Amino acid sequence: MNWQTLPQQLANGIFQGSIYALFALGYTLIFGVLDILNLAHAAIFMMTAVAAWYLIAGLGLNFVVALIIASIVGGLLGVLLDRVAFWRLRQQHAPHLSALISSIAMATIFEGMVVLLPTLGADADSRIIGADLHHFPAGSIPSGNLNFGTMLSLPPIKLLVLVVALLLMFGLQYMLRRTRLGREMRAVAESPKASALLGINIEAVFAKTFFIASALGGVAGVLYALTYNTLTSDMGNAVELKGLAAIILGGMGSIVGSVVGGFIIGLAEVLSIALGGSNWSDAVAFIVLFLMLLVRPNGLFGARATRTG
Amino acid sequence: MSSNKKFGSRLALVALVALALSACDLGGTASSTAPTATPAAGSNAVTASPTTAGSSMVMTNTASMGGGTAMTNTASMGGDNMANTVMLGAALSQSKTAKVYGDSQSKAIKMAMDEINAAGGINGKQITIDIQDDASNPKQAATVYQKFINDKVIAIIGPTLSNSAATADPLAQQAQIPVLAVSNTAGGIVDIGDYIYRDSLSEAQVIPNTIKVAKAKLNISKVALIYGNDDAFTKAGYSVFKQALAANGITITTEQTFQKGNINFSAQITAIKGSNPDAIVASALLPEGEGMIKEARNQGMTVPIIGGNGFNSAKLMSDLGQQAEGVYVGAAWNSAGGNQASQDFVKNFTAKYGNAPDQFAAQAYSGVYILADALKRAKSMSGADVRDALKTTKITVPLGDFTFLPTRDANHTPVVQMVQGGKFVVVQ
Chain Z
2 MNWQTLPQQL ANGIFQGSIY ALFALGYTLI FGVLDILNLA HAAIFMMTAV AAWYLIAGLG
62 LNFVVALIIA SIVGGLLGVL LDRVAFWRLR QQHAPHLSAL ISSIAMATIF EGMVVLLPTL
122 GADADSRIIG ADLHHFPAGS IPSGNLNFGT MLSLPPIKLL VLVVALLLMF GLQYMLRRTR
182 LGREMRAVAE SPKASALLGI NIEAVFAKTF FIASALGGVA GVLYALTYNT LTSDMGNAVE
242 LKGLAAIILG GMGSIVGSVV GGFIIGLAEV LSIALGGSNW SDAVAFIVLF LMLLVRPNGL
302 FGARATRTG
Chain W
6 MSSNKKFGSR LALVALVALA LSACDLGGTA SSTAPTATPA AGSNAVTASP TTAGSSMVMT
66 NTASMGGGTA MTNTASMGGD NMANTVMLGA ALSQSKTAKV YGDSQSKAIK MAMDEINAAG
126 GINGKQITID IQDDASNPKQ AATVYQKFIN DKVIAIIGPT LSNSAATADP LAQQAQIPVL
186 AVSNTAGGIV DIGDYIYRDS LSEAQVIPNT IKVAKAKLNI SKVALIYGND DAFTKAGYSV
246 FKQALAANGI TITTEQTFQK GNINFSAQIT AIKGSNPDAI VASALLPEGE GMIKEARNQG
306 MTVPIIGGNG FNSAKLMSDL GQQAEGVYVG AAWNSAGGNQ ASQDFVKNFT AKYGNAPDQF
366 AAQAYSGVYI LADALKRAKS MSGADVRDAL KTTKITVPLG DFTFLPTRDA NHTPVVQMVQ
426 GGKFVVVQ
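Protein chains in written order, with the numbering used here: chain Z, 2 to 310; chain W, 6 to 433.
Next up, the structure:
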């Protein structure tokens, strides 16, 4: 490895990690509060990016406006997901595995639906979203790099991803600790039954949790698509696995843990490529996870972090 | 609750393992089909009326519509029994994945057939080409071949994808019906048997020429090599590139890999940049190739990027715009320049269908002429005689001055193109 490239590679790893972190935030929130491993999170990640693409390529909206609107769409999709995939199972006290399977089914359905959506532009008749790779129109994303000497060059969109990931992490942490909704969420996480007896509308808490988590996943999806200017119906696959690794590494249900886990996975992946093992990049992320679980089976930040804040 | 948590963690791990396994599986089923190519700009464009009035063409897509004025599809009326037609079959992908190539091929084949018939056909007999949909699927290709064999066609063109050819061509070999592949580029296709020919250059033929021309033009001595390590096509391309680079005395500064579906190439490009190469050589299909080029340009690398047939698509320029400049692509054919036959073909095709032909059209069009030439020279219409006539092919078609190698592979000069001003220009 050429050591002069190290600053750039570290930056690459942090940016990649911030995408995983953003994705893992929503993932871990649903797990921490609702005890559901929501494997449809990656599908919402992708669907929200598709929504943003329609807003930017179709309506010509600014990417920040599109990001905000699309994240609301993502949140609503999350509520829909909860209603369709989990609500009924919850009523019937179905085992955890049912919810897991149900979320896989919804992920498949979402991906199938996207394949049927019509595309825009010159080739609108012949191509559909899911069947092809799509790009945002030229000029819709800030381009150009911020250069720091010859060692480091940073695209503004990646800096935005990093800032957004950190802001959302702190925001989510604050919300869980200090707000009424956060307290309700933690109460429901502790015991849905006791929460209901205390007068908490637990269905509303579930819906709000899904909304927030899915909006976060959606923001991750939009920023991911914008960063690499690429949109495909299976874009969630790569992130899903790494996001899951991030939340296990950080400790299931821990907000800070998921973000730290995301950064570790991102850095491990990039540094393995930098050190000459691009064949190993996926393996290294999971070797790190494996070693971590041997040392700390509950992950870096333990399993009960959500409730204790 | 805490036991629930523990259960959840375990569940997550199980799911993780399952996902990892499924990801591996995806990698394993990587296809070795024909490379990405130019999606015809107007795939919803004109369907030309089949042919000149009063002739006996059968130009259909479905077996049930197989009857023309002078033909029926009953097996008893084999092609060689017909007094005034020569019946050929073409299995092309008119639906599913490879439709974009198949549509282009079928337009070109219809056009070539009309031209040949208008010019007197095969020694006075008209050609009839029965075009059937192989649905981009080996099983359907085999079914279509079986129909052709039952119909006793003289020769078969196709199928569009190499995967389909690997399944269907042995049927034709067994029935001793010559096959001319017009888009298969994978290894092993012509090894199926002595009745299987192809006019499409394989990557192993195109890439060495690309490296030779690029070296002469760009004066490169060290390059970085990047390839997809989970796909048969890109891995094969990587081996050929590596051999060609060694043969031309070009050293490799670093080798990087990626997998299907990757969109983040920042780490690989940073590593490549740090190795300071004169050019980047890439064996990639279009989606990953575009991501890689974009990242290289974003990190400020302006060196030439040399690719294989996977980059041979107008989509490269429409997707990447300015960033595609300086990309070098080896190909069998380019619409700019070429011989007189090529220029006439481009002009007539564009006039007839409203969009310019791509490499797949040129190969299919040339294929009909190559077959027609062999049929004219064949001692009889028997499979063995047509096969022997193909062996001694020497004809000028849009692909260039064309012969077959003793291995039945195509033999003509490939071209090297570079992106300049938003389009492919032939590198001299």
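Where is the CB? At the ideal position from N, CA and C, for every residue including glycine.
Remember, it's a predicted structure, so these values are computed and weren't measured experimentally.
Residues that DSSP places opposite residue i in a beta bridge
i        : result
His135/Z : Leu232/Z
Ala249/W : Ala249/W is not bridged to any residue.
Thr256/W : Lys227/W
Ile162/W : Ala95/W, Leu185/W
Met423/W : Tyr333/W, Val430/W
Ile310/W : Ile285/W, Val332/W
Lys399/W : Thr408/W
Asn202/Z : In DSSP, Asn202/Z forms no bridge with anything.
Thr355/W : None, per the DSSP bridge assignment.
Tyr202/W : Leu185/W
Test item: CB-CB of residue i and residue j under 7 Å
i        : j        : result
Phe1/Z   : Gly79/Z  : Residue 1/Z lies beyond the range of chain Z shown here (2 to 310); nothing can be said about it.
Gly294/W : Phe316/W : yes
Ala108/Z : Leu40/Z  : yes
Val257/Z : Phe287/Z : no
Ala212/W : Phe246/W : Per the sequence shown, residue 212/W should be read as Ile rather than Ala. The answer is yes: Cβ separation under 7 Å.
Leu155/Z : Leu147/Z : yes
Gly254/Z : Gly300/Z : no
Met165/W : Leu93/W  : It is Thr, not Met, that sits at residue 165/W in the sequence shown. Against a cut-off of 7 Å, the Cβ pair of Leu93/W and Thr165/W comes out as no contact.
Ala383/W : Val391/W : yes
Ile159/W : Val184/W : no
Gly59/Z  : Ala216/Z : no
Gly27/Z  : Gly218/Z : yes
Ala50/Z  : Leu163/Z : no
Val334/W : Ile310/W : no
Asn230/Z : His136/Z : yes
Met293/Z : Leu242/Z : no
Ala86/Z  : Ser99/Z  : no
Ala43/Z  : Gly237/Z : yes
Euclidean distance between Cα positions of residue i and residue j
i        : j        : result
Ser276/Z : Trp88/Z  : Checking the sequence shown, residue 276/Z turns out to be Leu, not Ser. So the two alpha carbons sit approximately 47 Å from each other.
Ala177/W : Asp108/W : 23 Å
Leu321/W : Pro138/Z : 14 Å
Ala113/W : Asp135/W : 14 Å
Asn303/W : Ser111/W : 40 Å
Gln145/W : Gly140/Z : 44 Å
Leu227/Z : Tyr243/W : 30 Å
Gly200/Z : Val74/Z  : 29 Å
Asn182/Z : Pro143/Z : At residue 182/Z the sequence reads Leu, which differs from the Asn that was named. Leu182/Z and Pro143/Z: Cα-Cα distance of roughly 36 Å.
Ile15/Z  : Asp235/W : 26 Å
Ala125/Z : Val105/W : A caution first: Ala125/Z carries a pLDDT of 40, below 50, which makes its placement in the model too unreliable to give a value.
Asn280/Z : Gln93/Z  : 46 Å
Asp283/Z : Ala22/Z  : 17 Å
Phe354/W : Thr29/Z  : 57 Å
Met423/W : Ser288/W : 16 Å
Lys265/W : Ser323/W : 21 Å
Thr398/W : Lys381/W : 11 Å
Val421/W : Ser167/W : 23 Å
Lys428/W : Glu260/W : 29 Å
Val286/W : Ala249/W : 11 Å
Asn267/W : Leu410/W : 38 Å
Ile248/Z : Gln328/W : 37 Å
Gly278/Z : Asn155/W : 54 Å
Ser347/W : Ala389/W : 30 Å
Partner residues on chain C for residue i, Cβ-Cβ distance less than 8 Å
i        : result
Gln261/W : Among the protein chains in the structure shown, which are Z and W, there is no chain C.
For residue j and residue i, believed in contact at Cβ under 8 Å, the rounded distance
i        : j        : result
Ile274/Z : Ala272/W : 4 Å
Ile375/W : Val402/W : 6 Å
Thr307/W : Pro282/W : The pair is not a contact, with the Cβ atoms about 12 Å apart (cut-off 8 Å).
Leu291/W : Thr239/W : Between Thr239/W and Leu291/W the Cβ distance is about 11 Å, and since that is not below 8 Å, they are no contact.
Ser19/Z  : Val223/Z : Not a contact, Cβ separation roughly 14 Å.
Val220/Z : Leu35/Z  : Going by Cβ atoms, the distance from Val220/Z to Leu35/Z rounds to 20 Å, so no, they are not a contact pair.
Ile45/Z  : Leu101/Z : Going by Cβ atoms, the distance from Ile45/Z to Leu101/Z rounds to 16 Å, so no, they are not a contact pair.
Val431/W : Gly342/W : 5 Å
Glu270/Z : Gln17/Z  : 6 Å
May I ask you to verify whether the stretch 190-210 of chain W touches the stretch 167-174 of chain W, counting CB pairs closer than 8 Å and requiring at least 3?
Cβ pair count under 8 Å is three or more, so yes.
So, does the stretch 249-269 of chain Z touch the stretch 168-183 of chain Z, judging by three or more C-beta pairs under 8 Å?
Segments in contact, yes.
For the stretch 224-232 of chain W against the stretch 200-214 of chain W, are there 3 or more C-beta pairs whose distance is under 8 Å?
No contact exists between the stretch 224-232 of chain W and the stretch 200-214 of chain W.
The stretch 6-14 of chain Z touching the stretch 54-62 of chain Z, judged by at least three CB pairs closer than 8 Å
Result no; under three Cβ-Cβ pairs closer than 8 Å.
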